[in-house]
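*Asks:* I have a structure I would like to understand better, so I am pasting it below and will then ask my questions one at a time.
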Amino acid sequence: MTIIEKQLPEGDTYLRGTPGQTIGPFFKFGLEYDGGPYVVPPHAPGALFLRGNVYDGAGYAIPDALVEIFGADTDGTIPQTRGSLHRDGHGFTGWGRSATDDEGKYFFWTRTPGATEPGKAPFFAVMLFARGLPNKLHTRIYLPDDEAALAADPLLSSLSPSERASLIATRDEDGSLRHDLWMQGEKETVFFAY
Amino acid sequence: MAEVQAARKPEEMLASDDFPPQRQISDEIAAIHERHRKEVEGGARVDQTTLYDFAPYRSSILRHPTKNPRLVDPESIELWSPAYGQRDVSEIEADLTLQHRGEPLGERITIEGRILDGWGRPVTNQLVEIWQANSAGRYIHQRDQHPAPLDPNFTGAGRTITDDNGWYKFTTIKPGPYPWKNHINAWRPAHIHFSLFGSKFTQRLVTQVYFPGDPLFALDPIYQSIPDQRDRDRLLATYDHDLTVPEFSMGYRWDIVLTGKHATWFETEGDH
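Protein chains in written order, with this note's numbering: chain A, 6 to 199; chain B, 669 to 940.
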């Protein structure tokens with residue numbers, strides 16, 4: 006059964022969205038698959054390693070969270086290639102899925118997203134699910150490199166320094182990216198509604 | 669500031685710390701629903717269809733954001749969805765009764781429906797993933813300690829891709845109710861987990877579908893984390909005798925709407 010949310014002009018209607026529920030404790034056997042975190046093969050030329058931990062409000066790592074990313078290709082184009090569930094090692098779908106391990110760690114091998122428009126700060130769109138989290142969460146992981154683009158971003162500019170920091174990854178010496186997600190606390194990640 | 673702690677063993681985290689009786693959980697649920705009802709009647713803007721801050725679901729206490737989500741306009745990659753096709757999923761993955769040599773035990777069911785966006789347009793060629801307990805209420809997951817039997821002929825995970833009109837269909841076994849350690853004598857109503865992709869990344873949804881008439885609905889802090897009865901009803905599959913296959917399976921219908929919005933009942937013109 007669908008429910009009409011509101012009547013729009015010219016007789017159109019807008020439907021009310023189906024509510025979300027927690028992903029629960031046992032999603033791994035349903036959602037995990039071998040190629041999930043490997044948007045590109047590890048150590049492929051130009052491949053980016055992105056990883057981090059998911060923490061609860063007491064600072065404990067969350068070992069039953071699921072992180073998904075969707076990112077543009079390095080030239081800024083939006084991938085519309087099929088095959089995320091059966092990676093062929095060549096086509097770039099931009100989408101990956103990583104269940105956290107017992108230390109709360111997620112990781113991806115992917116490509117560095119490029120700016121989708123000149124001057125725009127590139128980011129990964131991120132989804133977070135977990136046992137104990139009643140519904141999905143949306144956030145972003147911005148790349149730390151283009152400081153001018155980050156400074157010009159209207160969303161980032163509207164945030165406090167700690168909120169802003171919760172959306173920007175850190176570059177490690179080996180070139181990989183690190184980004185932790187915090188459900189609560191001083192470092193609480195900024196999550197989005199649309 | 670919360671310092672990073674050494675990881676706890678996942679098995680130890682499944683039981684709540686205070687382990688209260690059902691009566692206390694039910695009273696907490698009633699109090700939150702009553703507060704919500706008064707807020708709605710008072711004209712408050714309600715941002716969430718599912719409440720993130722819902723302590724009767726004990727493991728949510730440290731795992732929900734404490735700040736309101738930031739309202740943003742979706743940009744670039746968020747306006748698209750990853751692309752799926754038949755290469756990603758084979759047809760047989762939509763039939764959970766065919767994954768082993770023998771027939772699984774339990775009540776064979778089909779569940780089918782249409783996936784629409786807020787404007788009523790079908791969500792086509794998108795991935796639908798499901799996972800569930802077996803007919804005895806046992807998950808195959810290694811951390812499920814419920815001493816109900818595993819079924820050697822049932823795994824409980826399936827996938828499909830919506831067709832050109834947004835339809836999906838699964839054949840499976842009706843799952844059993846499942847005990848958990850949120851509180852004393854806590855049981856989840858029978859449910860199937862659904863993971864869905866819309867036509868935009870913002871519409872991504874993970875939810876659970878339930879079956880009509882389950883006596884556990886009022887007792888379950890996960891189902892009741894949705895404070896509005898009209899919204900809770902949206903997660904019920906409908907028994908449809910026309911979908912029942914003679915001498916084979918019971919037919920259920922469940923339609924899904926992916927809007928990417930947390931809630932909009934009380935939205936006024938000009939809001940996001």
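All residues carry an ideal CB built from backbone N, CA and C; glycine is no exception.
1) What is the DSSP secondary structure of A:Pro166, reduced to helix, strand or coil?
2) What is the DSSP secondary structure of B:Val708, reduced to helix, strand or coil?
3) Would the region 856-873 of chain B count as touching the region 791-798 of chain B if we require 3 or more Cβ pairs under 8 angstroms?
4) Give a single yes or no on whether A:Gly25 has its beta carbon closer than 7 angstroms to a heavy atom of the ligand ADP.
5) When you compare the CB positions of B:Tyr836 and B:Glu780, do they come within less than 8 angstroms of one another, or not?
6) State yes or no: is the beta carbon of B:Thr875 nearer than 8 angstroms to at least one beta carbon in chain A?
7) With a threshold of 8 angstroms between beta carbons, is B:Gly837 in contact with chain A?
8) Hey, out of B:His768, B:Pro820, B:Lys868, whose CA is closest to B:Gly786's CA?
9) Following the continuous beta strand (DSSP E) through B:Gln876, name the residue where it begins and the one where it ends.
10) What residue does the beta strand (DSSP E) around B:Arg755 start on, and which one ends it?
11) Quick check on B:Gly938: does DSSP put it in helix, strand or coil?
12) Nearest CA to the CA of B:Thr906: which residue from B:Leu926, B:Gly881, B:Leu784?
13) Would you say A:Thr23 faces chain B, with C-beta separation under 8 angstroms as the test?
14) Classify A:Gly51: buried if its beta carbon has 16 or more other beta carbons within 10 angstroms, exposed otherwise.
15) In the DSSP assignment, find the beta strand (DSSP E) that holds B:Asp785 and state where it starts and stops.
16) In three-state DSSP terms, what is B:Gly881?
17) Using the C-alpha atoms, what's the distance from A:Tyr60 back to B:Glu671?
18) Examine the Cβ distances between the region 116-135 of chain A and the region 69-76 of chain A and report whether three or more of them are shorter than 8 angstroms.
19) Please list the terminal residues of the continuous beta strand (DSSP E) segment that includes B:Gln897.
20) Residues in its own chain within less than 8 angstroms of A:Gln189 by CB, not counting five upstream and five downstream?
21) For the region 79-92 of chain A, which residues have a CB atom closer than 9 angstroms to at least one CB atom of chain B, in sequence order?
22) For chain B, is any of its Cβ atoms less than 8 angstroms away from the one on A:Tyr111?
23) Near B:Ile745, which residues of its chain fall below 7 angstroms by C-beta distance, leaving aside the five closest residues on each side in sequence?
24) Give the residues of chain A in contact with B:Glu780, contact being defined as C-beta atoms less than 9 angstroms apart.
25) According to the neighbour-count rule (16 or more other Cβ atoms, all chains shown, within 10 Å of its Cβ), is B:Val913 buried or exposed?
26) Name, going along the chain, the residues of the region 724-738 of chain B whose beta-carbon falls closer than 9 angstroms to a beta-carbon of chain A.
27) Short check: CB of B:Leu764 to CB of B:Ser803, under 8 angstroms?
28) Checking 8 angstroms against the spacing of the C-beta atoms, do B:Gly753 and B:Asn793 come in under that value?
29) So, helix, strand or coil for B:Arg891, using DSSP?
30) With a threshold of 8 angstroms on Cβ separation, who are the neighbours of A:Thr18 within its own chain once the five nearest residues in sequence on each side are excluded?
31) Scan the region 21-53 of chain A for residues whose Cβ lies nearer than 8 angstroms to a Cβ of chain B and list them as they occur along the chain.
32) With distances taken between CB atoms, is the gap from A:Leu164 to A:Thr115 smaller than 8 angstroms?
33) Applying a beta-carbon distance threshold of less than 9 angstroms, which residues of chain B neighbour A:Arg116?
34) Any idea what DSSP makes of A:Asp150, helix, strand or coil?
35) Strictly under 8 angstroms for the Cβ-Cβ distance: is B:Lys929 near chain A by that measure?
36) Below 8 angstroms between beta carbons: does that hold for B:Ala675 and A:Ala66?
*Replies:* Reading off the structure:
1) As a first step, residue 166 of chain A is located in the first sequence; it is residue number 161 there, counting from the start. In the displayed model, A:Pro166 falls within a helix according to three-state DSSP.
2) Your numbering for residue 708 of chain B matches position 40 in the second sequence. Look at B:Val708 here: in three-state DSSP terms it is helix.
3) Verdict: yes, contact present.
4) The ligand ADP is absent from the structure shown, which contains no ligands of any kind.
5) Here residue 836 of chain B refers to the residue found at position 168 when the second sequence is read from its first residue. Here residue 780 of chain B refers to the residue found at position 112 when the second sequence is read from its first residue. It is a contact, given that the beta carbons lie within the stated cut-off.
6) Indexing the second sequence from 1 puts residue 875 of chain B at position 207. Taking Cβ atoms only, chain A reaches closer than 8 angstroms to B:Thr875, which makes this a yes.
7) Position 169 of the second sequence, counting from 1, holds the residue named residue 837 of chain B. In the sequence as displayed, the identity of residue 837 of chain B is Lys instead of Gly. No, no contact with chain A.
8) In the second sequence, the residue the question calls residue 786 of chain B occupies position 118. Ranking the options by Cα distance to B:Gly786, first place goes to B:Lys868.
9) In the second sequence, counting from the first residue as 1, residue 876 of chain B sits at position 208. That run of the beta strand (DSSP E) goes 873-878.
10) Taking the first residue of the second sequence as 1, we reach residue 755 of chain B at position 87. Segment: none, B:Arg755 is in no beta strand (DSSP E) and carries neither H nor E.
11) To locate residue 938 of chain B, count along the second sequence from 1; it is residue 270. With a pLDDT of 41 at B:Gly938, under the threshold of 50, the modelled position of that residue is not reliable, and the figure given next carries that caveat. B:Gly938 sits in coil when the DSSP states are folded into three classes, being neither helix nor strand.
12) Within the second sequence, numbered from 1, the residue matching residue 906 of chain B stands at position 238. Checked all of B:Leu926, B:Gly881, B:Leu784; the closest Cα to B:Thr906 is B:Gly881.
13) Against the first sequence, residue 23 of chain A aligns to sequence position 18. Chain B places a beta carbon closer than 8 angstroms to that of A:Thr23, counting this residue as a contact.
14) In the first sequence, the residue the question calls residue 51 of chain A occupies position 46. Flag for A:Gly51 reads exposed.
15) Here the question's residue 785 of chain B lines up with position 117 in the second sequence. Counting along the chain, the beta strand (DSSP E) containing B:Asp785 begins and ends at 776-785.
16) Translated into positions along the second sequence, residue 881 of chain B becomes position 213. B:Gly881 falls in the coil class under three-state DSSP.
17) As a position in the second sequence, residue 671 of chain B is number 3, starting the count at 1. As a position in the first sequence, residue 60 of chain A is number 55, starting the count at 1. The alpha-carbon atoms of B:Glu671 and A:Tyr60 are separated by roughly 10 angstroms.
18) Counting C-beta pairs closer than 8 angstroms gives three or more between the region 116-135 of chain A and the region 69-76 of chain A, which meets the contact rule.
19) Numbered from its first residue, the second sequence carries residue 897 of chain B at position 229. Unbroken run through B:Gln897 is the alpha helix (DSSP H), 897-901; no beta strand (DSSP E).
20) Walking along the first sequence from the start, residue 189 of chain A turns up at place 184. Residues of the same chain with a CB within less than 8 angstroms of the CB of A:Gln189, apart from the 5 flanking positions on each side, are Asp61, Gly62 in chain order.
21) Of all residues in the region 79-92 of chain A, Gly81, Ile83, Pro84, Gln85, Thr86, Arg87, Gly88, Ser89, Leu90, His91 have a Cβ within less than 9 angstroms of some Cβ in chain B.
22) Against the first sequence, residue 111 of chain A aligns to sequence position 106. Residue contact with chain B for A:Tyr111: absent (no Cβ-Cβ distance below 8 angstroms to any residue of chain B).
23) Residue mapping note: residue 745 of chain B aligns to position 77 of the second sequence, counting from 1. Only residues of its own chain outside the window of five on either side were considered, and among them Phe869 have a CB closer than 7 angstroms to the CB of B:Ile745, listed in chain order.
24) Taking the first residue of the second sequence as 1, we reach residue 780 of chain B at position 112. Near B:Glu780 there are no residues of chain A at all, since even the closest Cβ is about 14 angstroms away, more than 9 angstroms.
25) Counted from its first residue, the second sequence places residue 913 of chain B at position 245. Around the C-beta of B:Val913, fewer than 16 other C-beta atoms lie within 10 Å, and the residue is accordingly described as exposed.
26) So the list reads Tyr725, Arg726, Ser727, Ser728, Ile729, Leu730, Arg731, His732, Pro733, Thr734, Lys735, Asn736, Pro737, Arg738, given in the order they occur along the chain.
27) Counting from 1 along the second sequence, the entry for residue 764 of chain B is found at position 96. Counting from 1 along the second sequence, the entry for residue 803 of chain B is found at position 135. Taking 8 angstroms as the Cβ cut-off, B:Leu764 and B:Ser803 do not qualify as a contacting pair.
28) Numbered from 1 along the second sequence, position 85 holds the residue referred to as residue 753 of chain B. Numbered from 1 along the second sequence, position 125 holds the residue referred to as residue 793 of chain B. In this structure, the beta-carbon distance from B:Gly753 to B:Asn793 falls below 8 angstroms.
29) Taking the second sequence and counting its residues from 1, one reaches residue 891 of chain B at position 223. The identity of residue 891 of chain B in the sequence shown is Tyr, whereas the question assumes Arg. Under the three-state reduction of DSSP, B:Tyr891 is assigned to helix.
30) Within the first sequence, residue 18 of chain A is the residue found at index 13, counting from 1. Cβ within range, chain order: Ile9, Glu10, Lys11, Gln12.
31) Listed by position along the chain: Arg21, Gly22, Thr23, Pro24, Gly25, Gln26, Thr27, Ile28, Gly29, Pro30, Phe31, Phe32, Lys33, Phe34, Gly35, Leu36.
32) Position 159 of the first sequence, counted from the first residue, corresponds to residue 164 of chain A. Position 110 of the first sequence, counted from the first residue, corresponds to residue 115 of chain A. Against a cut-off of 8 angstroms, the Cβ pair of A:Thr115 and A:Leu164 comes out as no contact.
33) Against the first sequence, residue 116 of chain A aligns to sequence position 111. For A:Arg116, no chain B residue has a Cβ inside 9 angstroms of its Cβ, as the nearest lies near 13 angstroms away.
34) The residue labelled residue 150 of chain A in the question sits at position 145 within the first sequence. Of the three classes helix, strand and coil, the one that applies to A:Asp150 here is coil, per DSSP.
35) The residue labelled residue 929 of chain B in the question sits at position 261 within the second sequence. With its beta carbon less than 8 angstroms from one in chain A, B:Lys929 belongs to the interface.
36) Numbered from 1 along the second sequence, position 7 holds the residue referred to as residue 675 of chain B. Numbered from 1 along the first sequence, position 61 holds the residue referred to as residue 66 of chain A. In this structure, B:Ala675 sits near A:Ala66, with a CB-CB distance shorter than 8 angstroms.
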